[in-house]
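Counting in our numbering, the final residue of the sequence shown is number 410, and the numbers go up one at a time with none missing. Beta carbons are placed, not taken as given, at the ideal position from N, Cα and C, and that holds for glycine. Some notes on the structure that comes next.
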Amino acid sequence: MGSRWMEIRVEDLRTYARCPLEWFWERRVGLTRPPTISALVPAAIRAGLGFFYDGHAQDLATAVGLVWLDWCEGWGEPAIAGDLAQYAVGRAKILNLFAAGHVQRPGGGRYTVPEMTGEYRSRMHAAGLTKLGRQLDEFGRTHELLAVDEPDQPGSVLGDAFATSLAAAERAALDLPAREIVLARQVGFHVDVGSGVRLVGEADLLLPEADAPEAVVLEVHDFEAVPWMRAGIAGRDLRVIAASLARPMKAAESTPSNLNWERVARVVFRHWPSGQTFTFRETSSGHLLALTASIARGMRHHVVVPRAVTGYEHCRACAYREHCWNGANWDTLPLVDTGMLGSAEALRAVMEQLRDGLSHDNAAVRRTRQVLSVLENALAETEPADLLAASRRVLEELGDHDH
Ligand code: SF4
Numbered sequence: 008m009g010s011r012w013m014e015i016r017v018e019d020l021r022t023y024a025r026c027p028l029e030w031f032w033e034r035r036v037g038l039t040r041p042p043t044i045s046a047l048v049p050a051a052i053r054a055g056l057g058f059f060y061d062g063h064a065q066d067l068a069t070a071v072g073l074v075w076l077d078w079c080e081g082w083g084e085p086a087i088a089g090d091l092a093q094y095a096v097g098r099a100k101i102l103n104l105f106a107a108g109h110v111q112r113p114g115g116g117r118y119t120v121p122e123m124t125g126e127y128r129s130r131m132h133a134a135g136l137t138k139l140g141r142q143l144d145e146f147g148r149t150h151e152l153l154a155v156d157e158p159d160q161p162g163s164v165l166g167d168a169f170a171t172s173l174a175a176a177e178r179a180a181l182d183l184p185a186r187e188i189v190l191a192r193q194v195g196f197h198v199d200v201g202s203g204v205r206l207v208g209e210a211d212l213l214l215p216e217a218d219a220p221e222a223v224v225l226e227v228h229d230f231e232a233v234p235w236m237r238a239g240i241a242g243r244d245l246r247v248i249a250a251s252l253a254r255p256m257k258a259a260e261s262t263p264s265n266l267n268w269e270r271v272a273r274v275v276f277r278h279w280p281s282g283q284t285f286t287f288r289e290t291s292s293g294h295l296l297a298l299t300a301s302i303a304r305g306m307r308h309h310v311v312v313p314r315a316v317t318g319y320e321h322c323r324a325c326a327y328r329e330h331c332w333n334g335a336n337w338d339t340l341p342l343v344d345t346g347m348l349g350s351a352e353a354l355r356a357v358m359e360q361l362r363d364g365l366s367h368d369n370a371a372v373r374r375t376r377q378v379l380s381v382l383e384n385a386l387a388e389t390e391p392a393d394l395l396a397a398s399r400r401v402l403e404e405l406g407d408h409d410h
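This is the structure:
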């Protein structure tokens, strides 16, 4: 937050609108977003775009495959990449039967979401993909990518994430901007919306506008897992409106001139799950300003109404589900208690100091973890002040010894 401006990330507007408690965990308490399978698809495609546009892969699908291979190695199981590929090929064959009209509704006509049908389930089973899928999801669970109570569905959640990211990459090959014309990826911008609020955001791709050297085209990528998108929904997306008003980040000496622009001529909204794209020259800035003003008010006054109020099902896909529903549930959090908000701010400051002090020093992280577990056990039987005093005495002794 700057001294003059309240700076809000466009993503935070969306997070707050989805669930103010999600925003609170992330931006006030400072928790690192827990990994989820659904986050793997955008991460794979964005990293794949990096590989592709940097010239490390001949096409996007190859690049996305390389990203998954890297991840499997990072998870300590390079062989799982082969299982994922086998699952994706088998799944694609079955889905192609639906797409080609060989499998239809009992009265004729195509299924909108074949994956939800009994036909899909039985064909997956017959092809041996149910068993392979279970093994893949067991792997996902042991690597904390998948919740223990993930609802039963045909196939594999992890395998589907792999297959859908690959299929989306293949589909996009038809109209993805060529490597030569993309000026930059993940380009930061800001929008001054008045009333002391400045939005900051990131466009996925930056392209030149033909015949208008002062203008650019920005691409906004969306990964919402729905089979289709409508222009009306895309046009109201806060990221699209913000991108249409985007100003370049303050130019640093080192900023290449192609990251500066005077106006945004068009915003392209790319919906990866369906492969649809929509282009906007005009957007409704009033919609963005009104929403930003009310969300900023909520953030300033720490208005935190958890989505959990409406029940567990609405939280199922949320990365912070463990924090809200395990052990002491969300309803035990004194969310309207300003004392709690103050302690959350203090906690965030401690976490930032720890991150700054320990980052890139794995040995120090390991030792600190050991020390913390000793302190944690001792806290159960000792007053915090006594424990701190005793710990300080030990550190002073050790310090004296060093000198
Ligand atoms: S689990 Fe539910 S209440 Fe908690 S942050 Fe997520 S959506 Fe909000």
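Nearest-angstrom Cβ-Cβ length linking residue i and residue j, presumed shorter than 8 Å
{"i": "Gly55", "j": "Tyr94", "result": "Incorrect: roughly 19 Å between the Cβ atoms, too far for contact."}
{"i": "Arg277", "j": "His228", "result": "5 Å"}
{"i": "Pro234", "j": "Pro184", "result": "Not really, about 24 Å apart at Cβ, beyond 8 Å."}
{"i": "Pro41", "j": "Glu329", "result": "7 Å"}
{"i": "Met416", "j": "Gly37", "result": "With the chain running from 8 to 410 in the structure shown, residue 416 is simply not present."}
{"i": "Leu47", "j": "Ala179", "result": "Between Ala179 and Leu47 the Cβ distance is about 17 Å, and since that is not below 8 Å, they are no contact."}
{"i": "Glu14", "j": "Val207", "result": "6 Å"}
{"i": "Val274", "j": "Val247", "result": "5 Å"}
{"i": "Val189", "j": "Tyr319", "result": "Going by Cβ atoms, the distance from Val189 to Tyr319 rounds to 42 Å, so no, they are not a contact pair."}
Beta-carbon proximity check, residue i vs residue j, cutoff 8 Å
{"i": "Leu394", "j": "Leu402", "result": "no"}
{"i": "Ile240", "j": "Leu20", "result": "no"}
{"i": "Phe196", "j": "Ala210", "result": "yes"}
{"i": "Leu213", "j": "Ala249", "result": "no"}
{"i": "Ala232", "j": "Ile52", "result": "no"}
{"i": "Leu28", "j": "Pro313", "result": "yes"}
{"i": "Gly166", "j": "Arg98", "result": "yes"}
{"i": "Arg117", "j": "Gly108", "result": "yes"}
{"i": "Ala86", "j": "Trp75", "result": "no"}
{"i": "Leu245", "j": "Val17", "result": "yes"}
{"i": "Ser45", "j": "Ala324", "result": "yes"}
{"i": "Ala253", "j": "Val198", "result": "yes"}
{"i": "Ala371", "j": "Leu379", "result": "no"}
{"i": "His294", "j": "Arg243", "result": "yes"}
{"i": "Leu296", "j": "Val381", "result": "no"}
N-terminal and C-terminal residue of the beta strand (DSSP E) that residue i is part of
{"i": "His278", "result": "270-278"}
{"i": "Ile87", "result": "No beta strand (DSSP E) holds Ile87; the alpha helix (DSSP H) holding it covers 87-106."}
{"i": "Gly208", "result": "204-215"}
{"i": "His228", "result": "222-229"}
{"i": "Ala191", "result": "191-201"}
{"i": "Ile15", "result": "13-16"}
{"i": "Thr284", "result": "283-287"}
Own chain partners of residue i with C-beta closer than 7 Å, once the 5 adjacent residues on each side are dropped
{"i": "Tyr127", "result": "Ile101, Pro121, Pro161"}
{"i": "Ala64", "result": "Phe58, Ala70, Leu73"}
{"i": "Ala300", "result": "Ser202"}
{"i": "Arg112", "result": "Tyr118"}
{"i": "Leu153", "result": "Ile44, Asp144, Gly147, Val164, Leu165"}
Spatial neighbours of residue i in its chain, beta-carbon cut-off 8 Å, leaving aside the 5 residues before and after
{"i": "Asp409", "result": "Confidence is the limiting factor: at Asp409 the pLDDT is only 49, short of 50, which leaves the residue's position unreliable, though a coordinate-based value still follows. Closer than 8 Å at the Cβ level, and outside the excluded window around Asp409, lies no residue."}
{"i": "Ala272", "result": "Glu216, Ala219, Ala222, Val223, Val224, Arg288"}
{"i": "Ala392", "result": "none"}
{"i": "Arg427", "result": "The requested residue 427 is not part of the displayed model; the chain covers only 8 to 410."}
Beta-carbon contacts of residue i that lie in its chain and below 6 Å, excluding the five residues immediately before and after
{"i": "Gly9", "result": "Any reading at Gly9 needs caution, since the residue's pLDDT is 43, under 50, leaving its predicted position unreliable; the model's value is listed next. Cβ within range, chain order: n/a, list empty."}
{"i": "Glu33", "result": "none"}
{"i": "Phe285", "result": "Ala238, Ala241, Phe276"}
{"i": "Val194", "result": "Ala210, Leu213"}
{"i": "Thr22", "result": "Glu29, Trp30"}
{"i": "Ala326", "result": "Arg40, Pro41, Thr43"}
{"i": "Val110", "result": "Leu104, Glu126"}
{"i": "Gln283", "result": "Met236"}
Residue range of the unbroken alpha helix (DSSP H) whose run includes residue i
{"i": "Phe58", "result": "47-60"}
{"i": "Val164", "result": "164-179"}
{"i": "Met123", "result": "Careful: Met123 lies outside any alpha helix (DSSP H) and carries neither H nor E."}
{"i": "Gln377", "result": "369-386"}
{"i": "Met306", "result": "292-307"}
{"i": "Thr137", "result": "136-149"}
{"i": "Val247", "result": "245-251"}
{"i": "Ala70", "result": "67-81"}
{"i": "Arg328", "result": "328-332"}
{"i": "Glu33", "result": "No alpha helix (DSSP H) holds Glu33; DSSP gives it neither H nor E."}
Residue i: CB within 7 Å of a non-hydrogen atom of ligand 2
{"i": "Leu28", "result": "In the structure shown, ligand 2 is absent; the only ligands present are ligand 1."}
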